[in-house]
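**Q**
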Amino acid sequence: MRNSRSERAGYLFILPWFLGLLIFTLGPMLFSLVLSFSKWDIITGIGSIEFVGLDNFKAIFHDELFYQSLKVTFIFALVSVPLYQVVSILIALLLNMRTRGMKIFRMIYFMPSVIPAVAVSMMWIMIFNPEYGILNRALEWFGIDGPAWLQDPSYALGALIVMGIWGVGNTIIIYLSGLQGVPDELYEAAQLDGAGPIRRFMSVTVPMISPTIFFNLIMGIIGGFQYFTQAFVMTNGGPLNSTLFYNLYLYNKAFVSYEMGYASALSWILFAIIMIFTLIVIRSSSMWVYYNGDDERD
Amino acid sequence: MHTIHHKWSLARIITLLLLLTGAAIVLVPLLWTVSTSLKSPAEVFQDSFIPKIWHWDNYKNAVTAVPFFLFLKNTVLILIPVMIGTVFSSALCGYGFARFKFRGKKFLFLVLLATMMLPGQVTMIPMFIMFKEVGWVDTFLPLIIPAFFGGGAFNIFLIRQFMRGIPKDLDEAAFMDGASRWSIFTRIMLPLSKPPLIAVSIFTFMGVWNDFQGPLIYLNTNTKYTLALGLSMFKGLYNVEWNMLMAATVLIMLPAIIVFFFLQKYFIEGISLSSAMKG
Amino acid sequence: MKKWSAGLAFILMFSVVLSACSSGTSKEAGSGKDDKNDGGTDKVVELKFTTWGELTADSVEKKLADQFNDSHPNIKVTFEPVPGDGYGTKLTTSLAAGQAPDVFLIGEGDYFKYVDKGVVEPLDDYLKSDSSFKTDIFQPDLINMGKINDKLYYLPKDFNPLALWYNKRMFDEAKIPYPDAKWTWDDMISAAKKLTKKDDKGKVKEFGFNATKWEYPIYIYLWLNGTDIGNEDGTKAEGFMNSDKTVAAMEKYVAMTKGDDRVSPTPQDTETLGGDSSMFMTDKLAMMVTGRWVKGDLDKSDVQYGSALIPTGEGGERASIIAAAGWAMNANGKHKKEAFELMKWLSGTEAQKARSEKGQVLPATVAELDQVKSKEVVDKPVIEMMDYAKKPISMRSANAPIFTEEFNKAIEKVLLDKSTVKDALDEAAKTVDSKIKK
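Chains as they are written, first to last, in the numbering used here: chain A, 1 to 298; chain B, 1 to 279; chain C, 1 to 438.
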């Protein structure tokens, strides 16, 4: 029902965002695009920006660390995005049950996401210590000789992925709010049809929360490719660059060696990668995302 | 009848066990944080989990070392407008994207997502220069005003997803009855979108509460500092005062946990379509 | 290579939009822009200066700023402390935007870099035209540190010479005499072996010495072995980073953290146990080479400690590094004359006294330091170590980050058993030289 009145109303409702885009977001984005074709030693101020054409991009494609950081980031995103979604949905389902005491459980599961990322990271540095950390001490009870989690290049990335599970509280909340949007009537109807819990989950829950899954998947991809703080605090890219995440490399270029032009070029390459994955998810969404409210496709 | 009941309780026990295990995994590091916050500097790295002497004075020191209540006031002064701006404007825009058909919508939606794809490390300096040019540096404005312009792509997207799941018959029926778009938004969509709006409030609260980078860059005068900035002083250039840092962390966590505890009741009410129809 | 700032155009475009909505009540935040009293003779110049830390209400710098304002009616200075965590980011951002304070504090590790980029103003001309202020009130080493390519850029705020710190209880328990002035590194390592204790499972619970990954103690050790990781002006690594002397010295150094008879925690152990000072306080570490700032931590606990000269090389040579912080003038500041006045005050005798009285810092001026030397026991070796200070590569060359990055990577490989010391350093030297050529 596209008509001009409804169209105008639509524009009016999104106007705050659109103005914000023009005023606050677009300028800095374009600025960084311009910088990606420039050389800028940031601490010398804005007057020293020099146009260098494609030099940054040419240099990037010969940069070993660029490929290393790309590899690390891809592995992390491909493993952690699906893993965190599955874990979050399962926990959200448990927390969505209406039992006494659930309030307390919800609060407990949410608590990790209240702590600032830096504090969380420092805590996990202690947990992961091979000799003194509680993780390896716990493994010792089972007779397992735990590895040097953050110091061994073959474990460090895995350790960060595992650690991330501890912090999925935000995703759980979003799933919880999605689960709340599923009308009770649908479950009741399915139960009357004799559907067991698994079938109820597959044929009622999943389709009904598919918009939430869609949301979390896209945000997971964006967040996964931009993973930064924990690696910055805990490993700073080491050992032997095994946790050199893309954004960490970018940050080092921008704020340690002050090559803002190079860093901007890196950021636009990352932008393109994330955009491709997002588009794939959006294109595929017509096959699996179901909107109760409309039949429009994304 | 009896067997069904039996199965139910078995499932319940398994659920409970799973939840308890998870809760333990979550809680142990948290309790460690609290225990560290109550230790003396010398005791921080000893094996004991429970402090020998409970140093409640760590909390007193964390509060008195910096003008804690001034920083708290500043944080709240930023927090309240940002919460209002974010919740309201992201709901508006989310509704716009969820319920209307207009030219260029798909493209604009992609632009909305695209604004999240560029790492903050490269947009930070241009943003700063921009706010400097209008003379907003060393005021709360750069931290507050953007919240009123959409409240962030993440929140708009979240609300849009939820609103698209609300059956259209509800608002179409009201529209037929002559209700305006605005009253449909305020009377039907907003009340039905409580869960995601609560989620948005919680995230916004936490975002402002824990934000270090924004206040660091935009605020110069230390009487304008926020809590997150002030309490970071226990992490020095050469060393970390772990017990103090953890006391500060606990202090900063507590309000967020309390806020969550009170807001979460909206997560358990659930939505009943029939009651929404009546309401 | 034409200068280009199209980006500025974008920014300005959006700024115009913004200014339109801006209420106009916001104060001019630019560093000391005199928007009022144009041309008036009694105009007040606004200045800003910044340091890391000092967020507490009783900050010395804040008091110094107030006193300066009282005695300089034509200047209004504002002190803007920044949390240590974010100092680098904040300073970088404000420099990029041309919004940096008139005077800011820099750590010695960055002295060279900021001069190299041209963001710090040389002070020689100001000193020449001002007979009231002489740099000979400062310790000569500290003034020398601030000189780069024969020009003076930094005035000392405070400094922390490196020394050897030891835990008296652990020495007493092992019945070993405290470190003395005659100790060589070999003496120290053999003492560390006696001080290292394992539990019944073979896990080390008390370490004799901390052979840290921090470059400064490593440089000192290399200097004592007659070598360095690069040449004097930081243009060549081949023959320095991988010389036989460097390889032999590093083999010995790394051996302290590796294997069954290790005497030192790994960098990760140290991090987990809260850093060297925490380990030291809890009697888990007997000796460390570190800066005087550690005293602030140690005095909070009841640990019995002493300081000693850093051990010598085989032939009795000595070397040390001074960690220091100096005031720098923003080369793009608007009121440099007034900024120099402020720098004089912040580094001068009164300020040195005020900081020293507060406790944790040694005064950078000769007369005041002599006073401290005559009273203090713990600080005596620390102050003596100053006489042997040398400049590490980071204070000699803009290429230093390339050297340290490759060197650290090589040592990391060795610690992980991925390579021998020789192979790792050979490769690192080659990489450094090829990167410098670019």
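Using N, Cα and C, we set each Cβ at its ideal position, and we do this for glycine too.
Small disclaimer: the values here were computed from a predicted structure and weren't measured.
Let me confirm a value: glutamate 350 (chain C) is counted as buried when at least 16 other C-beta atoms fall within 10 Å, else exposed. Which label applies?
**A** Burial call: exposed.
**Q** Cutting at 8 angstroms between CB atoms, please list the residues of its own chain near phenylalanine 76 (chain A), excluding the five before and the five after it.
**A** Excluding residues within five positions, the ones whose Cβ falls inside 8 angstroms are Leu157, Leu160, Ile161, Gly224, Tyr227, Phe245.
**Q** First and last residue of the beta strand (DSSP E) that includes glycine 306 (chain C)?
**A** Here the beta strand (DSSP E) through glycine 306 (chain C) covers 305 to 308.
**Q** Under a Cβ-count criterion, where at least 16 other Cβ atoms within 10 Å of its own Cβ denotes burial, should arginine 5 (chain A) be classed as buried or exposed?
**A** Looking at its Cβ environment, which holds fewer than 16 other Cβ atoms inside 10 Å, arginine 5 (chain A) is exposed.
**Q** Quick one: which chain B residues come within Cβ less than 9 angstroms of aspartate 158 (chain C)?
**A** Those within 9 angstroms of aspartate 158 (chain C) in chain B number zero; the least Cβ separation is about 12 angstroms.
**Q** Could you give the distance in angstroms between the alpha-carbon of alanine 286 (chain C) and the alpha-carbon of aspartate 244 (chain C)?
**A** Alanine 286 (chain C) and aspartate 244 (chain C): Cα-Cα distance of roughly 31 angstroms.
**Q** Using a C-beta cutoff of 8 angstroms, does lysine 524 (chain C) count as contacting chain A?
**A** Beyond the ends of chain C as shown, which are 1 and 438, falls residue 524 (chain C); an answer cannot be given.
**Q** For chain C, check one thing: does any of its Cβ atoms lie closer than 8 angstroms to the Cβ of isoleucine 217 (chain B)?
**A** Isoleucine 217 (chain B) counts as touching chain C.
**Q** Give the straight-line distance between the Cα atoms of asparagine 216 (chain A) and aspartate 177 (chain B), rounded to the nearest whole angstrom.
**A** Those two C-alpha atoms are separated by around 36 angstroms.
**Q** Pull up the distance between the alpha-carbon of leucine 186 (chain A) and that of glycine 178 (chain A), whole angstroms please.
**A** The alpha-carbon atoms of leucine 186 (chain A) and glycine 178 (chain A) are separated by roughly 14 angstroms.
**Q** Please state if the CB of lysine 438 (chain C) and the CB of alanine 424 (chain C) are separated by a distance shorter than 8 angstroms.
**A** Cβ distance not < 8 angstroms, so alanine 424 (chain C) and lysine 438 (chain C) don't count as in contact.
**Q** When you compare only the Cα positions, how much space is there between isoleucine 49 (chain A) and glutamate 271 (chain C)?
**A** Cα to Cα, isoleucine 49 (chain A) sits roughly 40 angstroms from glutamate 271 (chain C).
**Q** Does the beta-carbon distance from threonine 448 (chain C) to leucine 105 (chain C) come in below 8 angstroms?
**A** Lying outside 1 to 438, the shown extent of chain C, residue 448 (chain C) is not represented and no answer is given.
**Q** Using a Cβ-Cβ cutoff of less than 7 angstroms, which residues in the same chain neighbour serine 267 (chain A) once the five nearest sequence positions on both sides are dropped?
**A** Ser32, Leu250.
**Q** Just by C-beta distance, which residues in the region 189 to 204 of chain A are closer than 9 angstroms to chain B?
**A** Answer in chain order: Pro197.
**Q** In the DSSP assignment, find the unbroken beta strand (DSSP E) run with tryptophan 165 (chain C) in it and report its ends.
**A** First-last of the beta strand (DSSP E) with tryptophan 165 (chain C): 155 to 167.
**Q** Between the beta-carbon of phenylalanine 102 (chain B) and the beta-carbon of glutamate 7 (chain A), is there less than 8 angstroms?
**A** In contact: phenylalanine 102 (chain B) and glutamate 7 (chain A) (Cβ atoms closer than 8 angstroms).
**Q** If the cut-off is 8 angstroms on Cβ atoms, which residues from the region 140 to 153 of chain A count as contacting chain C, listed in chain order?
**A** Cβ contacts with chain C come from Ala148, Leu150, Gln151, Asp152, Pro153.
**Q** Checking contacts by CB at 8 angstroms: is glycine 133 (chain A) closer than that to chain C?
**A** Taking Cβ atoms only, chain C reaches closer than 8 angstroms to glycine 133 (chain A), which makes this a yes.
**Q** Going by the CB atoms, is the gap between threonine 235 (chain C) and isoleucine 442 (chain C) shorter than 8 angstroms?
**A** An answer regarding residue 442 (chain C) cannot be provided, because it is not within the stretch 1 to 438 covered by chain C.
**Q** Need the endpoints of the alpha helix (DSSP H) that glutamate 133 (chain B) sits in, please.
**A** Segment 120 to 133, the alpha helix (DSSP H) holding glutamate 133 (chain B).
**Q** Among the residues of its own chain, which have a CB less than 6 angstroms from the CB of threonine 25 (chain C), if the five just before and after it don't count?
**A** Confidence in threonine 25 (chain C) is poor, its pLDDT being 38 and thus under 50, which makes the residue's placement too unreliable to answer from.
**Q** Can you tell me the Cα-Cα spacing of lysine 58 (chain A) and threonine 115 (chain B), whole angstroms?
**A** Near 26 angstroms, if we compare the C-alpha coordinates of threonine 115 (chain B) and lysine 58 (chain A).
**Q** State buried or exposed for arginine 106 (chain A), treating a residue as buried only when at least 16 other CB atoms are found within 10 Å of its CB.
**A** Arginine 106 (chain A) is buried by the Cβ-count criterion.
**Q** Is threonine 184 (chain C) helix, strand or coil by DSSP?
**A** The answer is strand: DSSP assigns threonine 184 (chain C) an E or B state.
**Q** Check distances from the C-beta atoms of the region 248 to 266 of chain A to those of chain C and list, in chain order, the residues that come in under 9 angstroms.
**A** Those would be Ala254, Phe255, Val256, Ser257, Tyr258, Met260, in chain order.
**Q** Tell me the start and end of each unbroken beta strand (DSSP E) in the region 42 to 71 of chain C that is at least 3 residues and wholly inside, in chain order.
**A** Taking only runs of at least 3 residues, the beta strand (DSSP E) segments lying wholly in the region 42 to 71 of chain C are 45 to 52.
**Q** Of the residues that make up the region 88 to 122 of chain C, which ones have a beta carbon closer than 9 angstroms to any beta carbon in chain B?
**A** Of all residues in the region 88 to 122 of chain C, Thr89, Lys90, Thr92, Thr93, Ser94, Ala96, Ala97, Gly98, Gln99, Pro101, Gly107 have a Cβ within less than 9 angstroms of some Cβ in chain B.
**Q** Do asparagine 167 (chain C) and aspartate 283 (chain C) count as a contact pair if the criterion is CB distance below 8 angstroms?
**A** Yes, they are a contact pair.
**Q** Closer than 7 angstroms by beta-carbon distance: list the chain B residues that pair up with alanine 324 (chain C), in chain order.
**A** What alanine 324 (chain C) touches in chain B: nothing, since even the nearest Cβ is about 13 angstroms away.
**Q** Need the endpoints of the alpha helix (DSSP H) that alanine 96 (chain C) sits in, please.
**A** 87 to 96 is the extent of the alpha helix (DSSP H) around alanine 96 (chain C).
**Q** Nearest-angstrom Cα distance between tyrosine 59 (chain B) and isoleucine 176 (chain C)?
**A** Taking the straight line from one Cα to the other gives about 40 angstroms.
**Q** Where phenylalanine 150 (chain B) and phenylalanine 97 (chain B) are concerned, what is the direct C-alpha to C-alpha distance, given to the nearest angstrom?
**A** Sequence inspection shows glycine at residue 150 (chain B); the phenylalanine mentioned does not correspond to that position. Their Cα atoms are separated by approximately 12 angstroms.
**Q** Below 8 angstroms between beta carbons: does that hold for valine 115 (chain C) and tyrosine 153 (chain C)?
**A** It is a contact, given that the beta carbons lie within the stated cut-off.
**Q** Does chain C have any CB closer than 8 angstroms to the CB of aspartate 63 (chain A)?
**A** For aspartate 63 (chain A), the answer is no, since every Cβ of chain C falls outside 8 angstroms of its Cβ.
**Q** Take threonine 86 (chain B) as the anchor and find which of B:Pro41, B:Ile198, B:Ala62 has the nearest alpha-carbon.
**A** Comparing Cα-Cα distances from threonine 86 (chain B) to each of B:Pro41, B:Ile198, B:Ala62, the minimum goes to B:Ile198.
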